[in-house]
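What follows is a set of notes on a single structure, which appears directly below.
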Amino acid sequence: MSERAATVSPPEEHTEEDAQNEQEPDARSGSEEPTPEPVTSGAQAVVRALENAGVEYAFGVQGGAIMPVYDALYDSDIRHVTMAHEQGAAHAADAYGIVSGEPGVCLATSGPGATNLVTGIADADMDSDPLIALTGQVPTEFVGNDAFQETDTTGVTTPITKENTFAADPDRVGDDVGEAFALANEGRPGPTLVDLPKDVTNADTETEPGEPETPDTYEFQERADPEIVAEAAERLENADRPAMLLGGGVIKGEASETCREFAIEHEIPVITTMPGLGSFPEDHELSMEMAGMHGTGYANMAITHCDTLLAVGTRFDDRLTGGIETFAPDAEVIHVDIDPAEISKNIHADYPLIGDADTVVSQLAEAVESSPEATKWRAQCQQWKSDYSMAYDAPEDEPVRPEFVVEALDEATGDSAIVTTGVGQHQMWACQYWTFTEPRTWVSSHGLGTMGYGLPAAIGARLAADDDQEVVCVDGDGSFLMTMQGLSVAVREDLDITVAVLNNEYIGMVRQWQDAFFEGRHAASDYNWMPEFDKLAEAFGARGFRIDDYDEVADTIAEAVAYDGPSVIDVHIDPEANVYPMVPSGGDNGQFALTEDQL
Amino acid sequence: MSGGLDGPAPEERPTPAGRRNEQGIRIDPEVEVTHEPRRTVISALVKHEPGVLAEVSGLFSRRQFNIESLTVGPTTDEDRARITLVVEEPDPGIDQIKKQLRKLVPVASVRELEPDAMQRELALVKVDAEDPAQVAAVADMYDATAVDSSPETATYEVTGSRQKIEAAIETFGQFGIREVDRTGTTALARGTDETTGPTPAEASVSAAEEAKQTKYTADDD
Ligand SMILES: Cc1ncc(C[n+]2csc(CCOP(=O)(O)OP(=O)(O)O)c2C)c(N)n1
Ligand SMILES: [Mg+2]
Chain A
1 MSERAATVSP
11 PEEHTEEDAQ
21 NEQEPDARSG
31 SEEPTPEPVT
41 SGAQAVVRAL
51 ENAGVEYAFG
61 VQGGAIMPVY
71 DALYDSDIRH
81 VTMAHEQGAA
91 HAADAYGIVS
101 GEPGVCLATS
111 GPGATNLVTG
121 IADADMDSDP
131 LIALTGQVPT
141 EFVGNDAFQE
151 TDTTGVTTPI
161 TKENTFAADP
171 DRVGDDVGEA
181 FALANEGRPG
191 PTLVDLPKDV
201 TNADTETEPG
211 EPETPDTYEF
221 QERADPEIVA
231 EAAERLENAD
241 RPAMLLGGGV
251 IKGEASETCR
261 EFAIEHEIPV
271 ITTMPGLGSF
281 PEDHELSMEM
291 AGMHGTGYAN
301 MAITHCDTLL
311 AVGTRFDDRL
321 TGGIETFAPD
331 AEVIHVDIDP
341 AEISKNIHAD
351 YPLIGDADTV
361 VSQLAEAVES
371 SPEATKWRAQ
381 CQQWKSDYSM
391 AYDAPEDEPV
401 RPEFVVEALD
411 EATGDSAIVT
421 TGVGQHQMWA
431 CQYWTFTEPR
441 TWVSSHGLGT
451 MGYGLPAAIG
461 ARLAADDDQE
471 VVCVDGDGSF
481 LMTMQGLSVA
491 VREDLDITVA
501 VLNNEYIGMV
511 RQWQDAFFEG
521 RHAASDYNWM
531 PEFDKLAEAF
541 GARGFRIDDY
551 DEVADTIAEA
561 VAYDGPSVID
571 VHIDPEANVY
581 PMVPSGGDNG
591 QFALTEDQL
Chain B
1 MSGGLDGPAP
11 EERPTPAGRR
21 NEQGIRIDPE
31 VEVTHEPRRT
41 VISALVKHEP
51 GVLAEVSGLF
61 SRRQFNIESL
71 TVGPTTDEDR
81 ARITLVVEEP
91 DPGIDQIKKQ
101 LRKLVPVASV
111 RELEPDAMQR
121 ELALVKVDAE
131 DPAQVAAVAD
141 MYDATAVDSS
151 PETATYEVTG
161 SRQKIEAAIE
171 TFGQFGIREV
181 DRTGTTALAR
191 GTDETTGPTP
201 AEASVSAAEE
211 AKQTKYTADD
221 D
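From first to last, the protein sequence lines stand for chains A and B.
Note that full-length UniProt numbering has the first sequence beginning at 1, numbered continuously upward.
Note that full-length UniProt numbering has the second sequence beginning at 1, numbered continuously upward.
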């Protein structure tokens with residue numbers, strides 16, 4: 001990152017050595033942290049609770065009802081990134097949480113500020129991302145009177161948060177925030193919200209918030225029932241056609257390494273869900289890559305024909321399973337999940353293992369004494385990998401294939417590069433053609449499918465990532481238009497991100513469905529006209545690039561990635577390109593279509 | 001349209017023999033299990049604070065759970081309220097209801113009561129009082145207590161099982177019912193059996209057990 005970016009970085013942690021080198025400045029004594037000023041207001045208690053929880057960044061937009069909190073933030077070491085839109089603040093915080101593993105924090109004022117957060121909160125809820133939203137609220141005495149910028153924020157967000165709270169008491173408001181932090185992070189992660197009436201944040205209080213703690217009604221289970229573990233282990237030992245299915249819970253539960261070791265030790269082919277991308281290295285021969293609607297043919301064959309499926313941290317979403325009747329129809333399912341409600345919700349678990357992914361897979365690893373004898377099955381899986389190869393034609397004199405662009409971006413960046421996306425065809429090409437090898441490098445909107453997620457997510461991801469990790473947003477033209485105001489933030493904060501807009505001048509995914517299922521009637525899916533994104537980028541103060549032909553791809557991408565700041569590449573791809581393989585909604589995974597006429 | 005990949009077409013691929021039912025359970029070709037809806041009482045102990053009732057009722061509408069009645073009231077512990085729900089769902093649905101309820105942060109415990117649990121409902125029934133003696137005779141039949149009377153109306157309080165309340169309302173119907181208000185079912189487990197369910201951690205274990213049970217009944221039948 002460039003020098004300007006360094007000025008928005010949080011203060012480096014002081015090591016003993018640093019402290020010795022320092023000339024004992026101000027309050028610092030030895031290596032001890034300076035004692036913070038005592039809190040004097042509700043707002044200061046809010047900020048102190050965030051500091052206690054180790055929060056380094058917050059993303060938000062100012063406004064009347066949240067002003068006291070911002071005023072308290074003014075004196076804090078927490079770096080606030082002023083976003084151009086609250087939706088972007090929520091997505092940036094969400095992505096920050098995905099990449100760092102610690103809850104991201106977003107702030108907004110009451111009314112429209114809070115409602116603008118809603119899409120981002122719902123997104124985090126669907127993907128179980130740790131996120132905390134702090135919203136201003138009108139003073140308590142006005143609540144219920146339809147006051148200026150009053151919205152029933154806790155009412156609106158109840159169905160899309162893990163938990164939310166209306167903070168009614170200045171002496172408790174700090175603990176409310178601490179509790180929201182703990183809840184967002186512990187067990188199955190998710191978004192939490194604290195609604196902060198202005199009189200409460202303005203009120204005098206000297207009550208320091210305690211350590212972040214979940215309420216006494218909240219508990220979750222770490223270890224699975226050893227008896228069921230033993231039965232599941234026996235089933236695995238005796239499997240003829242074993243497969244592992246790794247979901248987003250593997251990444252959130254920091255179980256990638258344990259799962260990888262387990263798969264490799266017992267030579268079990270590994271399939272991932274879309275949120276599970278990065279949980280297992282896709283360049284490993286056991287990797288069957290992603291299954292589901294636009295999963296690889298070989299992943300879908302493996303999942304359809306396995307006789308034992310060890311599924312970890314997945315909720316068996318319909319885009320993964322297709323029709324329930326035909327999902328892994330021969331398989332006994334061993335389901336590992338921290339949330340008991342996911343067990344047998346969509347797919348019946350023959351071996352329900354409730355607990356933390358890493359703990360339970362370790363339990364299994366200990367219990368499994370011999371590897372399944374599955375040489376034939378593995379050979380079959382390899383055969384499928386070649387039968388249903390993802391290779392595509394890219395004739396040089398034709399419009400640029402999007403798959404080629406994704407591969408070129410992957411090649412131009414390091415293994416630990418982070419990819420964010422919008423929603424649509426471009427997102428699917430990113431899933432299919434980027435080779436994911438590390439957890440927390442794939443940042444996308446899975447469950448909600450939110451167009452516009454990519455750019456703000458890249459901003460949040462950039463601030464959570466290590467300096468040597470590149471951050472690339474593979475965006476769609478339509479998705480980029482939805483939140484592109486975030487470019488102003490990337491430029492102001494001098495964030496080193498590369499946005500590649502796969503520009504087909506189409507609501508491409510919708511156009512693909514219209515061609516397949518609506519007799520090619522392109523109702524409201526043809527944009528016909530798009531701004532020149534490279535020039536738009538320049539107007540924002542970012543670097544703009546444009547690609548029209550194959551021979552420009554490698555060099556332009558290299559230049560954009562090398563540029564130390566935000567850049568946008570307007571990539572004019574083949575507008576008619578479609579995503580394959582495809583399992584139509586509710587279809588049979590094993591009957592994926594390789595071309596439109598197979599649908 | 002462009003794109004598409006090479007490889008054996010769908011009809012050239014092997015297909016597995018198995019199948020699942022719509023509840024995601026593998027179908028044993030011999031015995032296909034379907035779960036019929038059943039009526040049951042679920043009791044939840046929750047934090048006694050604003051918003052919890054909205055959260056619980058929101059859960060039921062959002063997840064399309066069939067709910068017959070919901071009652072809520074304080075307990076002897078000032079931090080806890082008890083919610084009693086009567087639901088009608090097939091077994092997997094009841095299982096989901098319990099798990100989703102438990103998952104709500106302010107819910108401390110959830111339990112499905114035994115069919116023999118004590119269940120009571122109260123109804124206020126306001127009828128035309130043209131023939132007070134006849135009305136009183138019916139009231140007597142159902143142990144109903146007079147709560148209010150006016151020259152034109154008589155209002156009775158009936159307490160009992162849902163069946164009794166329904167029978168009473170039907171019988172009062174002959175006089176012309178003006179208004180009815182029913183509380184919905186309240187319930188407690190019998191004797192030393194505790195209505196309060198296990199803590200969330202204990203519940204997870206029993207949820208796993210239950211999930212297994214479903215499998216075995218599916219295979220054994
Ligand atoms: C906020 C939002 N609105 C509408 C949709 C429905 N939708 C799904 S994909 C898509 C097209 C996206 O267009 P673009 O970003 O250009 O991606 P492409 O499919 O062309 O790659 C639309 C409109 C959505 N997912 N999110
Ligand atoms: Mg497009």
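Note that CB positions come from ideal geometry on N, CA and C, so glycine has one too.
If you're wondering where the values come from, they're calculated on a predicted model, not measured in any experiment.
1. Compare the C-beta of residue 106 of chain B with all C-beta atoms of chain A and state if any pair is closer than 8 Å.
2. Is residue 452 of chain A near ligand 2 - that is, is its Cβ less than 7 Å away from at least one heavy atom of it?
3. Quick one, are the C-beta atoms of residue 442 of chain A and residue 278 of chain A less than 8 Å apart?
4. Using the Cα positions of residue 365 of chain A and residue 231 of chain A, report the straight-line distance between them to the nearest angstrom.
5. Rounded to whole angstroms, what's the CA-CA distance from residue 47 of chain B to residue 219 of chain A? Just pull it up for me.
6. Taking only three categories from DSSP, how would you classify residue 544 of chain A?
7. Is it the case that the Cβ atoms of residue 215 of chain A and residue 179 of chain A are separated by a distance below 8 Å?
8. Sort out for me which residues DSSP pairs residue 39 of chain A with in a bridge.
9. What are the uninterrupted segments assigned as alpha helix (DSSP H) that are 4 or more residues long and contained completely in the region 58-142 of chain B, given in chain order?
10. Taking only beta-carbon positions, decide if residue 25 of chain B is within less than 8 Å of chain A.
11. From A:316, A:157 and A:375, pick the residue whose C-alpha is nearest to that of residue 62 of chain B; which is it?
12. Excluding five sequence neighbours on each side, which residues of the same chain lie with their C-beta closer than 6 Å to the C-beta of residue 25 of chain A?
13. On the premise that residue 567 of chain A lies in contact with residue 542 of chain A, defined as a C-beta separation below 8 Å, what is that separation, rounded to the nearest angstrom?
14. Nearest CA to the CA of residue 257 of chain A: which residue from A:241, A:357 and A:226?
15. Taking all protein chains shown into account, do 16 or more other C-beta atoms lie within 10 angstroms of the C-beta of residue 105 of chain A, making it buried, or fewer, making it exposed?
16. For residue 65 of chain A, which three-state DSSP category applies?
17. Just grab the DSSP bridge partners of residue 60 of chain A for me.
18. Since residue 431 of chain A sits in a beta bridge, which residues does DSSP pair it with?
19. Who are the near neighbours of residue 362 of chain A in its chain, counting only those whose CB is closer than 8 Å to its CB and skipping five residues on each side?
20. Can you tell me the Cβ-Cβ gap for residue 459 of chain A and residue 92 of chain A, rounded? I've got them flagged as a contact below 8 Å.
21. Judging by CA-CA distance, which residue of A:546, A:528 and A:225 is the nearest neighbour of residue 536 of chain A?
22. Find the residues of chain A that neighbour residue 13 of chain B, judging by a C-beta separation of less than 8 Å, and give them in chain order.
23. Under three-state DSSP, which class holds residue 539 of chain A?
24. Using the three-state DSSP reduction, which class does residue 13 of chain A fall into: helix, strand or coil?
25. Strictly below 7 Å CB to CB, what residues from chain A border residue 58 of chain B?
26. Assuming residue 306 of chain A contacts residue 328 of chain A (C-beta within less than 8 Å), just tell me the rounded distance between them.
27. Name the chain A residues whose beta carbon is nearer than 8 Å to that of residue 103 of chain B?
28. Against chain A, does residue 78 of chain B count as a neighbour if the rule is that its beta carbon must be under 8 Å from one of theirs?
29. Look at the alpha carbon of residue 118 of chain B and the alpha carbon of residue 84 of chain B, and state the distance between them as a whole number of angstroms.
30. Would residue 221 of chain B count as contacting chain A if we go by Cβ distances under 8 Å?
31. Give a yes or no on contact between the region 70-88 of chain A and the region 50-60 of chain A, applying the rule of three or more CB pairs nearer than 8 Å.
32. In chain order, which alpha helix (DSSP H) runs of at least 4 residues are fully inside the region 322-392 of chain A?
33. What does DSSP give as the partner residue(s) for residue 137 of chain A in the beta ladder?
34. For residue 483 of chain A, collect the residues of the same chain with a Cβ closer than 6 Å to its Cβ; drop the 5 residues on either side in sequence, then sort them by chain order.
35. Mind checking which residues open and close the alpha helix (DSSP H) that includes residue 409 of chain A?
36. On a Cα-Cα basis, can you pick out the residue from A:265, A:255 and A:301 that is closest to residue 271 of chain A?
Taking the structure as given:
1. yes
2. no
3. yes
4. 13 Å
5. Distance between the alpha carbons of residue 47 of chain B and residue 219 of chain A is about 14 Å.
6. Looking at residue 544 of chain A - three-state DSSP - the assignment turns out to be strand.
7. yes
8. Answer is none; residue 39 of chain A lacks a bridge partner.
9. 91-103 and 132-141
10. yes
11. A:157
12. Per-residue confidence for residue 25 of chain A stands at a pLDDT of 45, beneath the threshold of 50, marking its modelled position as unreliable; no derived number is given.
13. 6 Å
14. Measuring from the Cα of residue 257 of chain A, the nearest candidate turns out to be A:357.
15. buried
16. helix
17. A:82 and A:107
18. Bridge partners of residue 431 of chain A: none, in fact.
19. Within the same chain, residue 362 of chain A has close Cβ partners 258.
20. Indeed, because the Cβ distance is near 5 Å, the residues count as touching under 8 Å.
21. A:546
22. Per Cβ cutoff of 8 Å: 301, 590 and 591.
23. In the structure shown, residue 539 of chain A sits in a helix (DSSP, three-state: H, G or I).
24. Note on residue 13 of chain A: pLDDT 46, under 50, position unreliable in the model; the coordinate value appears next. In this structure, residue 13 of chain A counts as coil in the three-state DSSP scheme.
25. 158 and 159
26. 6 Å
27. 339, 340 and 341
28. It does not: the Cβ of residue 78 of chain B has no partner Cβ on chain A nearer than 8 Å.
29. 12 Å
30. With a pLDDT of 34 at residue 221 of chain B, under the threshold of 50, the modelled position of that residue is not reliable, and no figure is offered here.
31. A contact exists between the region 70-88 of chain A and the region 50-60 of chain A.
32. 357-367 and 375-387
33. A:197
34. 88, 452, 455 and 456
35. 402-412
36. A:301
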